[in-house]
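Letter by letter, the sequence shown follows residues -19 to -1, 1 to 899 in mature numbering (1 follows the signal peptide of the UniProt record, and there is no 0). Using N, Cα and C, we set each Cβ at its ideal position, and we do this for glycine too.
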Amino acid sequence: MKIFDIVLVFLFSFDNTYCISTADFYSFGSENGDTRAPTNDDGSTSPISVSSLFPFFNHQHDSLIVNTNGVISFLGPMSTYTPSPFPLGSNKRLVAPYWADIDTRNGGDIWYRKQQILRYYKTHLKKYKVYFHDNIILKHHGCLSVGFDAGDGINYFAVNASRTADIINIPQMSNVDIPGKYIFRVDSTTIEQGGCNVNGTLTITPREALMFGGTRLIISGPCFNMAKNIKLYMSDYNEVSCNLLTDISISCISPMVTNIGKHRVSLHVQLSQTVTKFPGTLTIVNPAIAKQVLKREPKQWKYNSQKENLIYPVLAYHSKISTLSSAEFANGKHTFNLQFSKDAGIIKMSTNNPKSPYYWSDMFTVNVNRQNSTASCYEWWSMDLNQQTITSKDVNPCPCTLEVANIDSARFSVDPQCYRIEGSEFVCQFQPNAKVCYRLNIPSSSGYDHQCCYDKSGVLMNPNGDSTDGSGYVNRYHFQGSSDSNVPFLSNFVFDVVPYMHCCMFPFQDFGPDEMDTARKQCSLFFDRRPPNSCMNYIPPRPARVSGDPHFVTFDGQTYTFNPVGEFTALSNGNFSLQLRMEQFTNTRASSVTSFVAQPYPTADVIEVQPNTIRGIDVLVNGELVDFNSSESMSASVISAEGSTIVKTSDSPPTVIATFYTEDISIIATNRHKGNLTGLFGDNDGDVGNDLHSKDNDLTQGNASMVTIHNDFGLSWRAAENESLFTYTGGRTYESYQNLNFVPTFDIPANIDPTITQLCKSNSDCIYNITVTANRRFGQMSANVSDEFARISSYTIPVATCGFPSNVSDAVWVADGYTQGSSARLLCNRNFFQVDVVITCTPSGNWSDFNVTCMPLPACGKPQVVANGYWVPVEGTDGRRATLQCKDGYYTPIEKVRIICSLNGTWTYVEVQCNIGS
């Protein structure tokens, strides 16, 4: 992050000023890299370019102007010598370190210097620092002003003494308890002061801490310079260790807790005999999501084996402490033996200072040996028999394909045990054969989780198929926690993940090729207690969209254009609420969606997403700006709040995916909300003909004119001021965003420029947008959104689903999918005769009939291989006699070919082949 310190040193030689030695000044002059401003009265420099964009009042500036009268301006020179009261209009965007009437023609110079400081500020803020130290001579004639102005006639900040006689005392003033020093944040809509106060709430950075504890929290807000005692209390009243950093900040180490989400904290500051309590909020993050250290090759971690590059050594439950030597500390590597046979462990790194932060590895178990894993598997299976039996009906079915899972973000998200390595490539630690796995966003009614894993071709993996080592299953404990008996992440890891590793993952790793059938049988114990759930009865979500000069597509597929100016209800069902803000597009008769705000349920956080010229995207949680990079999660592009997650996927163009978990609504709506929605996106009841119901429940036909749809349907959904969830800052109010007199362009000319049609490839939304706005990029973006929506819609068309085929003893199914038209081939196990059985998923949602069993091979083992043919055991011979069967489309010239398992343990040999034909 680039921080700008701009220090203005004014050197005057006027009458009635007192003199100070230049040794007491900051170093200045050309020998110190300074540039002298032109000598003049009420003049200025030419625009001065800066190497990095300067953020100011939500705008980026690549140049600035130093004005003689003590003003830094951005949009033009400031010749006004008498400071006007803020706010200013006419685009007079400026910083006024000391705005006064200055004339340098009779002596005195103004020097300026561009300096980029790359120090890392603990507060993580862009700040503008203004120093008024005693060694600067302040001289004025009349009115003086100090502050900031956005130049929009609304937003500004002025130091209280501005334009009063007290301004001459500014060297003794401050907003951070350091005389002559002021700190402000200037890159957002309004100016934020630094400093401290005696009331209000806490500012906690970062706003999230790991559930295991150890996160260093910087807390500011109160003034600590006179404090005798400072204590921080968590919501469970546990006291947290803290130490004083400065007069306006303290450092605390977050403790270990056993639940996630918002925690109300209270800072008790004792001043003399009184104690002032400052409330605050700290979000505790699931360690499954916020991993500080990643495991390398976890399935290779074996008992008493030595691995390099392990990070820091403290084993949970063992409490074994190992100290890094000076040599190890220097090269950053520590090696130790894993003497470990417990269910699960974790590695912690800390210093000897209890007030220092500490770090945790991910949870892990180790493979002691195959006998130990087998014993652990059977012991777990026996104990789990005492628990309630899990059935696949207890959870939502999986999406049938990876393409649909990617879209169904309302119900599923990527398994946190799968981490991204490059682009869309993932590595799943416990399902190494899976391309990626997904999990339910919220627990089922029984508190269960459901893991859905997909193979390299994007097909759902079936543990009773050829993907035993890698498929998903129903978890007894959701990794997010769901009750007092379910500790987030830990319960799931110990009672679901660890048994899977001992029953399935380790056996397939340790058993030899001839023991795979044994490994499958051991793994089947696990799936007996943690059954997989197929995609049987899965109903894909319904997508909806709004883009461009707003073109809407409802969940039921109704298309229309509605382009007003104001704030409108897009979706509502009494609990969930989604509102859109539409503003005029430049000076045209067009509008576009500029912001949206949502509240998943009445007590959830209010999430607002706005575009920003500096940061690309701003996310406000309950009206407070939250930076993406303040998150403890692995990705700096994720903001989590109660009931919602915002993922930034692109900075150019600014793009986010907003998912609202609790009510199952994001850009898609699930079948759960069928018919109970209202707003601009329709009711989601499957009937396209009744989507355009007004707020008063009057129906507008979908083929009505744009004018009728606009006036009778769209405008009825304008959110009233008391209904609005939006945040209003910078002097703007609800009324600032409403324009009841705005009339958009309803019709476009019949004669369209052929180049527009060619650019848009006949996309009607694109053609309309370019014609109305004269902005081709705007139209092209709308066309891109339209194409992407068509792609998503193609994956969400309801189709018949067949689920996993019925199990066949000693065999697995290899399927290319589980929707209508998919096929599955049966493969008998290694030491069995193979069969030629292929079944098809029918439109009725059932697999085609089959009747087959797998017969074990006799002592002779496998018969000779015949291309395009297979051997069928003769009934009643215990598999010691077999007849050749050619596959469909092939034949053998010999009428019947039979082989026999002889007493010497070999099959009789016959020269035969299956030829093409019938």
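Starting from residue i and walking both ways along the beta strand (DSSP E), at which residues does that stretch end?
i: GLN580; result: 572 to 580
i: ALA77; result: 75 to 80
i: ASP491; result: Not the beta strand (DSSP E): ASP491 falls in the alpha helix (DSSP H), residues 487 to 491.
i: ARG862; result: 862 to 867
i: ILE737; result: Here ILE737 belongs to no beta strand (DSSP E); instead the alpha helix (DSSP H) covers 735 to 741.
i: VAL167; result: Per DSSP, VAL167 belongs to no beta strand (DSSP E) and is neither H nor E.
i: PHE138; result: 137 to 139
i: PRO592; result: 588 to 593
i: SER155; result: From DSSP, SER155 is part of no beta strand (DSSP E); its letter is neither H nor E.
i: ALA468; result: Looking at the sequence shown, residue 468 is not Ala but Val. Counting along the chain, VAL468 falls outside any beta strand (DSSP E), and DSSP gives it neither H nor E.
i: LEU884; result: Segment: none, LEU884 is in no beta strand (DSSP E) and carries neither H nor E.
i: HIS532; result: 532 to 534
i: THR714; result: From DSSP, THR714 is part of no beta strand (DSSP E); its letter is neither H nor E.
Since residue i sits in a beta bridge, which residues does DSSP pair it with?
i: TYR400; result: VAL408
i: VAL795; result: ARG806
i: ASN48; result: SER25, VAL52
i: ASN896; result: TYR872
i: MET563; result: GLY547, VAL574
i: residue 913; result: This structure cannot settle anything about residue 913, because the visible part of the chain is limited to -19 through 899.
i: HIS40; result: PHE37
i: SER126; result: TRP80
i: TRP828; result: CYS822
Kindly indicate if chain B contains any beta-carbon less than 8 Å away from that of residue i.
i: CYS484; result: This model lacks chain B altogether; it includes just one protein chain.
So the candidates are the options; which of them puts its Cα closest to the Cα of residue i?
i: PHE785; options: PRO592, THR800, SER775; result: THR800
i: VAL753; options: GLU173, VAL724, LEU183; result: VAL724
i: ILE164; options: ILE229, ARG144, LEU213; result: ILE229
i: CYS504; options: GLY493, PRO488, PRO513, THR372; result: PRO488
i: ASP477; options: THR689, MET497, TYR454; result: TYR454
i: ARG86; options: LEU56, GLY134, ASN141, PRO19; result: PRO19
i: GLU892; options: SER464, ARG351, GLN845; result: GLN845
i: THR708; options: SER25, VAL578, GLY462; result: VAL578
i: PHE205; options: SER216, CYS177, MET215; result: CYS177
i: GLY428; options: TYR435, ALA415, GLY462, GLU406; result: GLY462
i: GLY860; options: ILE875, ASN849, LYS868, LYS843; result: LYS843
i: ASP728; options: HIS691, ALA701, TYR718; result: HIS691
i: LEU807; options: ASN788, PRO824, ASP147, CYS822; result: ASN788
i: GLY451; options: SER394, VAL408, SER425; result: VAL408
i: ARG879; options: TYR851, TYR871, ILE897, LYS868; result: TYR851
i: LYS437; options: ASP430, CYS418, SER425; result: CYS418
i: ILE733; options: PHE259, LEU721, ILE751; result: ILE751
Would you give the residue range spanned by the alpha helix (DSSP H) that residue i belongs to?
i: CYS747; result: 745 to 754
i: PRO854; result: Here PRO854 belongs to no alpha helix (DSSP H); instead the beta strand (DSSP E) covers 850 to 854.
i: ALA500; result: 497 to 510
I'd like to know whether the C-beta atoms of residue i and residue j end up nearer to each other than 8 Å.
i: PHE38; j: VAL76; result: no
i: PRO78; j: GLY51; result: yes
i: VAL250; j: ALA208; result: yes
i: PHE460; j: PRO397; result: yes
i: VAL816; j: VAL833; result: yes
i: ASP586; j: ASN603; result: yes
i: TYR458; j: ASN445; result: no
i: PRO522; j: ASN556; result: no
i: GLY195; j: THR184; result: no
i: ALA386; j: PRO380; result: yes
i: PRO524; j: THR542; result: no
i: GLY132; j: SER71; result: yes
i: TYR781; j: GLY711; result: In the sequence as presented, Tyr is not what sits at residue 781; that position holds Ala. Not in contact: ALA781 and GLY711 (Cβ atoms no closer than 8 Å).
i: PHE566; j: SER573; result: yes
i: ALA764; j: CYS741; result: yes
i: PRO545; j: MET517; result: no
i: ARG526; j: THR726; result: no
i: ALA190; j: SER235; result: yes
i: PRO64; j: CYS124; result: yes
i: GLN580; j: SER558; result: yes
Alpha helix (DSSP H) segments (min. 4 residues) lying fully within the region 351 to 435
Listed in chain order, they are 351 to 365, 383 to 388.
Ignoring anything shorter than 3 residues or poking outside the region 183 to 263, list the beta strand (DSSP E) runs there in chain order.
Listed in chain order, they are 184 to 186, 189 to 191, 197 to 201, 210 to 214, 223 to 227, 230 to 234, 242 to 252.
At what residue ranges does the region 760 to 797 contain a whole run of the alpha helix (DSSP H), taking only runs of 4 or more?
Runs of the alpha helix (DSSP H) inside the region 760 to 797: none found.
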